[in-house]
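Undergrad: Please read through the structure below; I'll follow up with questions.
Number of protein chains: 2
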Amino acid sequence: MKFWLSIISGALLAPSVWAATMPSTLDQDLAYKLVESLTVEVGPRIAGSEADRRAVQWAVTNLKQLGYDKVWTEEFEMPGWTRGQASLEVVSPFAQPFVLTSLGGSVGTPAAGITSSVVMFDSIEALEKADPALVKGKIVFINKPMAKDKSGSFYGQVVAARSRGAVEAAKLGAVAIVIRSVGTSNNRFAHTGTMKYDEAITKIPAVAISVPDAQNLAKMLERSPKVELKLQMDNQLQTATSHNVIAEITGTEKPDEIVLISGHLDSWDQGTGALDDGAGVALVMATGALIQQKAKPKRTIRVVLFGNEEGGLIGARAYAAKYHKELGKHILAAESDFGAGRIWQIESRFGDKSLPFAKELQQKLAHLNIGLGGNTTYGGPDVSVLAAAGVPVLALSQDGTDYFDYHHTPNDTLDKIDPDSLKQNLQAWLIMTETVANSSVNLRH
Amino acid sequence: MKFWLSIISGALLAPSVWAATMPSTLDQDLAYKLVESLTVEVGPRIAGSEADRRAVQWAVTNLKQLGYDKVWTEEFEMPGWTRGQASLEVVSPFAQPFVLTSLGGSVGTPAAGITSSVVMFDSIEALEKADPALVKGKIVFINKPMAKDKSGSFYGQVVAARSRGAVEAAKLGAVAIVIRSVGTSNNRFAHTGTMKYDEAITKIPAVAISVPDAQNLAKMLERSPKVELKLQMDNQLQTATSHNVIAEITGTEKPDEIVLISGHLDSWDQGTGALDDGAGVALVMATGALIQQKAKPKRTIRVVLFGNEEGGLIGARAYAAKYHKELGKHILAAESDFGAGRIWQIESRFGDKSLPFAKELQQKLAHLNIGLGGNTTYGGPDVSVLAAAGVPVLALSQDGTDYFDYHHTPNDTLDKIDPDSLKQNLQAWLIMTETVANSSVNLRH
Numbered sequence: 037m038k039f040w041l042s043i044i045s046g047a048l049l050a051p052s053v054w055a056a057t058m059p060s061t062l063d064q065d066l067a068y069k070l071v072e073s074l075t076v077e078v079g080p081r082i083a084g085s086e087a088d089r090r091a092v093q094w095a096v097t098n099l100k101q102l103g104y105d106k107v108w109t110e111e112f113e114m115p116g117w118t119r120g121q122a123s124l125e126v127v128s129p130f131a132q133p134f135v136l137t138s139l140g141g142s143v144g145t146p147a148a149g150i151t152s153s154v155v156m157f158d159s160i161e162a163l164e165k166a167d168p169a170l171v172k173g174k175i176v177f178i179n180k181p182m183a184k185d186k187s188g189s190f191y192g193q194v195v196a197a198r199s200r201g202a203v204e205a206a207k208l209g210a211v212a213i214v215i216r217s218v219g220t221s222n223n224r225f226a227h228t229g230t231m232k233y234d235e236a237i238t239k240i241p242a243v244a245i246s247v248p249d250a251q252n253l254a255k256m257l258e259r260s261p262k263v264e265l266k267l268q269m270d271n272q273l274q275t276a277t278s279h280n281v282i283a284e285i286t287g288t289e290k291p292d293e294i295v296l297i298s299g300h301l302d303s304w305d306q307g308t309g310a311l312d313d314g315a316g317v318a319l320v321m322a323t324g325a326l327i328q329q330k331a332k333p334k335r336t337i338r339v340v341l342f343g344n345e346e347g348g349l350i351g352a353r354a355y356a357a358k359y360h361k362e363l364g365k366h367i368l369a370a371e372s373d374f375g376a377g378r379i380w381q382i383e384s385r386f387g388d389k390s391l392p393f394a395k396e397l398q399q400k401l402a403h404l405n406i407g408l409g410g411n412t413t414y415g416g417p418d419v420s421v422l423a424a425a426g427v428p429v430l431a432l433s434q435d436g437t438d439y440f441d442y443h444h445t446p447n448d449t450l451d452k453i454d455p456d457s458l459k460q461n462l463q464a465w466l467i468m469t470e471t472v473a474n475s476s477v478n479l480r481h
Numbered sequence: 037m038k039f040w041l042s043i044i045s046g047a048l049l050a051p052s053v054w055a056a057t058m059p060s061t062l063d064q065d066l067a068y069k070l071v072e073s074l075t076v077e078v079g080p081r082i083a084g085s086e087a088d089r090r091a092v093q094w095a096v097t098n099l100k101q102l103g104y105d106k107v108w109t110e111e112f113e114m115p116g117w118t119r120g121q122a123s124l125e126v127v128s129p130f131a132q133p134f135v136l137t138s139l140g141g142s143v144g145t146p147a148a149g150i151t152s153s154v155v156m157f158d159s160i161e162a163l164e165k166a167d168p169a170l171v172k173g174k175i176v177f178i179n180k181p182m183a184k185d186k187s188g189s190f191y192g193q194v195v196a197a198r199s200r201g202a203v204e205a206a207k208l209g210a211v212a213i214v215i216r217s218v219g220t221s222n223n224r225f226a227h228t229g230t231m232k233y234d235e236a237i238t239k240i241p242a243v244a245i246s247v248p249d250a251q252n253l254a255k256m257l258e259r260s261p262k263v264e265l266k267l268q269m270d271n272q273l274q275t276a277t278s279h280n281v282i283a284e285i286t287g288t289e290k291p292d293e294i295v296l297i298s299g300h301l302d303s304w305d306q307g308t309g310a311l312d313d314g315a316g317v318a319l320v321m322a323t324g325a326l327i328q329q330k331a332k333p334k335r336t337i338r339v340v341l342f343g344n345e346e347g348g349l350i351g352a353r354a355y356a357a358k359y360h361k362e363l364g365k366h367i368l369a370a371e372s373d374f375g376a377g378r379i380w381q382i383e384s385r386f387g388d389k390s391l392p393f394a395k396e397l398q399q400k401l402a403h404l405n406i407g408l409g410g411n412t413t414y415g416g417p418d419v420s421v422l423a424a425a426g427v428p429v430l431a432l433s434q435d436g437t438d439y440f441d442y443h444h445t446p447n448d449t450l451d452k453i454d455p456d457s458l459k460q461n462l463q464a465w466l467i468m469t470e471t472v473a474n475s476s477v478n479l480r481h
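Note that the protein sequences, when read in sequence, are chains A and B.
The first sequence maps to residues 37 to 481 in the numbering used here.
The second sequence maps to residues 37 to 481 in the numbering used here.
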């Protein structure tokens, strides 16, 4: 108990006390050590890649070393995508290269590239209303800026240009689409992220340019309506496999009742996947290990490191399909996938009669400056799939004010994680998880 | 006079007054408009490139439109350098790619690349003292961080690794050198910049990696002494030509006395050369034009936009050689080449008897919060060549606290310029230049 309090209060114990209670690796820095290990030793790990397979091996090895009772992987198939070289340049009248990134899943161009003039829109909504004669044969440019707030609420207003811009542009006869990065920084990084096609509509290449490049292109278009761009890109599409990695601390009293805590193991390939989602992976790996170090929980704590979240929650869907008969025994599902900012709010999606338990949890977290939010959370990208299947979820909501400065860019690296914020996160995850796993609460009520 | 005061006080005149006194383009926003035009319409312009030639044409056209009496170009030859593709990756044991940039002037690698293990040093001084047996056949990694201050004083302590690291590493038998970027930001950009070879020493490839990558590599080396890197790079070296662009407002009373104000027209190729040195180019172009708009000066104001500063002050040396007999008639030389931060100090290199004039200038600038510095400035990179030949120089010293966050990276783009700071700069340049050009002071005294 003494050890446990040292974790949750953040106080340091003298080294001799540490040595007496636990292996030296399992301390309040454990989450930071794990995300450091993942980013340094594996780095970027896009689903289906060789690095993804090394990440799975890294997770299995570390979960076993952390003392989990059971550790296993579950393979799934998926549409794979490999980023090739890409370039986008102004051909005339103001020849210069842009900083770009292919959107995830985009087709490439013919080897000679696509050269065409540009038509700019302020938003995907403006594109949808456009006269096809203005768009036909052109490269569409959507130049919508994104604002920032704690909850990242502006992402949803801007990301449609990324996810379905190619379909809407192709419907009107465009030959390619270029979007302003869905991000909040004026650093010259382009933000990648997944995009979708409609099988009934021509698949056109889709890329994002950095915010300064988008501003530059807009200024060019003020000067000349005839700005001509050349896009070359050689991505590859092929079926691939990836894995969910699952580990359990078996419950002592109700081993069939699952408290699921999760992150996603895959990352985009531009950064090293520190904030998205090395931090979340590290937090939930550390949480189960540190709880067990203190005392086995009554219910089973299941850590799920989902595969291929970025490609469209592929691992989460595979998990939900495989375990659909057992989801009734999933007491709770939670996920950390919004960086490593301080947790400021707990949100739930419980049955109405269980709302007092959300308040109870919040009171246990109040000393960490965590307040109580609403009961409408989707819990996080992967666990939203479980929420849709009726599993109660909660979110330990992180301050994401700066998250979209880094997210999906080359700048998502370890140095962007504040170790103290990560410690606060770990304390909250420990308290929340231990409380639920040692209770007999039914959150569906 | 009324108009002039409106410029130097920063006050806005009513539109009708503007229209009566000058063309609408020549206002206190002129410097911003010029750097916007240069970065949007030309963009990156490495010396000797096609874009460099367009930049020269841009400068000639704009200087003529701004009303300069004489505008001409002066060609010079130089060692040219073309950046090719470059990649640096960890082969083992922690395979992942790094963000890198070739240093300017570096040779490439064989087509198959160079693969070797790494030996890390904290500084070039540590490398110089190293046992050759530790270095032979390896890739040297110099991991020296850079701190920030207003005057950029830490640059000089770190940049030696870039400028002569390849020579020092090759002396000890290294096969390539990788340096931590000479910059102050943890954004994942690699900083380029010129490097030198010694013709008597084997020329090895030289690159910089971003700060997060340098931190990552250092963490890898903590974990394994056998980190193996693969570097591939295909730069080209060949003789090239570039140009200085020169324009004058001819003096009414002493046309042979030259007040030289300058910036450099070339830029590195990663960004769009906004801070380095589009801002400086724009400031001095605007200064001459706005002074003439008010009244012709007594002495000649000569605007020099030096070519190939980045490759080693090549244009400045060509200028000094061509005009060596006339440098005695150069009353003053000044340069803006430290970004676009607010000017906070005037520094001089005048004859001792002329120091009261430095104080007089400072008093005219005091309302812009500009203080008086010392008498030991070198004036700026290009004009340091003239200072060495005895020409009096001064510096309107900008706040460069953030300069090395952007300098020589892809992030040197227009959005990093604060228009209000640029206006303050322009006001200071106007006052300084007009005062000297309308005086009869001899700054050599």
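Every residue, glycine too, gets a C-beta built ideally from N, C-alpha and C.
The model shown is predicted, which means the values in this text are computed figures rather than measured ones.
Inspect the beta-carbon positions of B/I327 and B/I382 and report whether they are closer than 8 Å.
TA: No, they are not a contact pair.
Undergrad: Let's test the definition: count the other Cβ atoms within 10 Å of the Cβ of B/Q399 and tell me whether it reaches 16, buried, or not, exposed.
TA: B/Q399 should be labelled exposed.
Undergrad: Should B/V175 and B/L265 be called a contact, given that it needs their Cβ atoms to be closer than 8 Å?
TA: Strictly speaking, residue 175 of chain B in this sequence is Ile, with Val absent from that position. Cβ distance < 8 Å, so B/I175 and B/L265 count as in contact.
Undergrad: Taking just the CA atoms, how far does A/A197 sit from A/E289?
TA: Approximately 49 Å, taken between the alpha carbons.
Undergrad: If B/V429 sits next to B/A369, beta carbons under 8 Å apart, how far is it from one beta carbon to the other, in whole angstroms?
TA: That belief holds up - the Cβ atoms of B/V429 and B/A369 are roughly 5 Å apart, short of 8 Å.
Undergrad: Residues of chain A with a CB under 8 Å from the CB of B/F130: which are they?
TA: Result: V76, E77, V78, G79.
Undergrad: Less than 7 Å between C-beta atoms, sequence neighbours within five positions excluded: which residues of the same chain meet that for B/G426?
TA: Result list for B/G426: L363, in chain order.
Undergrad: Under three-state DSSP, which class holds A/A283?
TA: Of the three classes helix, strand and coil, the one that applies to A/A283 here is strand, per DSSP.
Undergrad: Verify the CB distance criterion: does A/E110 have a CB-CB separation below 8 Å to chain B?
TA: For A/E110, the answer is no, since every Cβ of chain B falls outside 8 Å of its Cβ.
Undergrad: Evaluate contact between the segment 343-358 of chain B and the segment 409-426 of chain B, counting only Cβ atoms and requiring at least three cross-stretch pairs below 8 Å.
TA: Segments in contact, yes.
Undergrad: Indicate whether at least one CB of chain B lies closer than 8 Å to the CB of A/A87.
TA: Yes, A/A87 counts as interfacial toward chain B.
Undergrad: So, helix, strand or coil for B/D514, using DSSP?
TA: Here chain B comprises residues numbered 37 to 481, so residue 514 of chain B is not present and cannot be evaluated.
Undergrad: I'd like the span of the beta strand (DSSP E) that includes B/L124, first residue to last.
TA: It spans 122-128 - the beta strand (DSSP E) in which B/L124 sits, taken as one unbroken run.
Undergrad: Hey, would you say B/E470 sits closer than 8 Å to B/G140, going by beta carbons?
TA: Going by C-beta atoms, B/E470 is not nearer than 8 Å to B/G140.
Undergrad: For A/V243, collect the residues of the same chain with a Cβ closer than 8 Å to its Cβ; drop the 5 residues on either side in sequence, then sort them by chain order.
TA: Cβ neighbours of A/V243 beyond the five flanking positions: A122, L124, L136, T137, S138, L139, S142, A212, I213, V214, I215, A226, L267, M269.
Undergrad: Just the C-alpha distance for B/L156 and B/N179, rounded to the nearest angstrom, thanks.
TA: Correcting the residue type first, residue 156 of chain B is Met in the shown sequence and not Leu. Distance between the alpha carbons of B/M156 and B/N179 is about 7 Å.
Undergrad: Does the separation of the CB atoms of A/D418 and A/H300 fall below 8 Å?
TA: Going by C-beta atoms, A/D418 is nearer than 8 Å to A/H300.
Undergrad: Assuming the contact rule is C-beta atoms closer than 8 Å, A/V218 and A/V195 should be a hit. Round their C-beta distance to whole Å, please.
TA: The pair is a contact, with the Cβ atoms about 5 Å apart (cut-off 8 Å).
Undergrad: What do you get for B/P241, buried or exposed, if any count of 16 or more other CB atoms within 10 angstroms of its CB means buried?
TA: By the neighbour-count rule (16 or more Cβ atoms within 10 Å), B/P241 is buried.
Undergrad: Compute the beta-carbon to beta-carbon distance between A/E110 and A/H279, rounded to the nearest angstrom, for a pair I have assumed lies under 8 Å.
TA: Yes, A/E110 and A/H279 are in contact; Cβ-Cβ is about 6 Å, under 8 Å.
Undergrad: Taking 8 Å as the CB-CB cut-off, is A/P455 touching chain B?
TA: No - not a single Cβ of chain B is within 8 Å of the one on A/P455.
Undergrad: With the cut-off set at 8 Å, would you say B/D441 and B/P80 are in Cβ contact?
TA: No, Cβ-Cβ distance for B/D441 and B/P80 is not below 8 Å.
Undergrad: Residues of the segment 440-451 of chain A in Cβ contact with chain B at a cutoff of 9 Å, in chain order, please.
TA: For the segment 440-451 of chain A, which is checked against every Cβ of chain B, the residues closer than 9 Å are T445, P446, N447, D448, T449, L450, D451.
Undergrad: Output yes or no for whether 8 Å exceeds the beta carbon distance between B/Y104 and B/A283.
TA: Yes, Cβ-Cβ distance for B/Y104 and B/A283 is below 8 Å.
Undergrad: Between which two residues does the alpha helix (DSSP H) holding A/S298 run?
TA: Per DSSP, A/S298 belongs to no alpha helix (DSSP H); it is in the beta strand (DSSP E), 290-300.
Undergrad: Any beta carbon from chain B within less than 8 Å of A/Q251's own beta carbon?
TA: By this cut-off, A/Q251 is an interface position.
Undergrad: Comparing the C-beta of A/K180 with each C-beta of chain B, is any distance below 8 Å?
TA: No - not a single Cβ of chain B is within 8 Å of the one on A/K180.
Undergrad: What does B/M156 touch in chain A if you count any residue whose Cβ is under 8 Å from its own?
TA: Neighbours of B/M156 on chain A: none; closest Cβ ~15 Å, over 8 Å.
Undergrad: When the Cα of A/T323 is compared with those of A/Q251, A/N461, A/L401, A/V107, which residue comes out closest?
TA: It is A/N461 whose Cα lies nearest to the Cα of A/T323.
Undergrad: Could you tell me which residues DSSP puts in a beta bridge with A/E113?
TA: Per DSSP, A/T277.
Undergrad: Flag A/P248 as yes if its beta-carbon sits less than 8 Å from any beta-carbon of chain B, otherwise no.
TA: At least one chain B Cβ lies under 8 Å of A/P248.
Undergrad: Helix, strand or coil for A/V92? Go by DSSP, reduced to three states.
TA: A/V92 falls in the helix class under three-state DSSP.
Undergrad: Can we say the segment 271-278 of chain A touches the segment 111-119 of chain A, given the rule of at least three CB pairs closer than 8 Å?
TA: Because the criterion of three Cβ pairs below 8 Å is met, the segment 271-278 of chain A and the segment 111-119 of chain A touch.
Undergrad: Given A/K452, which residues of its chain have a CB within under 7 Å of its CB, disregarding the five upstream and five downstream residues?
TA: Contacts found: A310, L311, Y442.
Undergrad: Residues of chain B with a CB under 7 Å from the CB of A/M256: which are they?
TA: Near A/M256 (Cβ distances below 7 Å), the residues of chain B are V76.
Undergrad: Nearest CA to the CA of B/G229: which residue from B/P129, B/D158, B/I245, B/L341?
TA: Per the Cα distances, B/I245.
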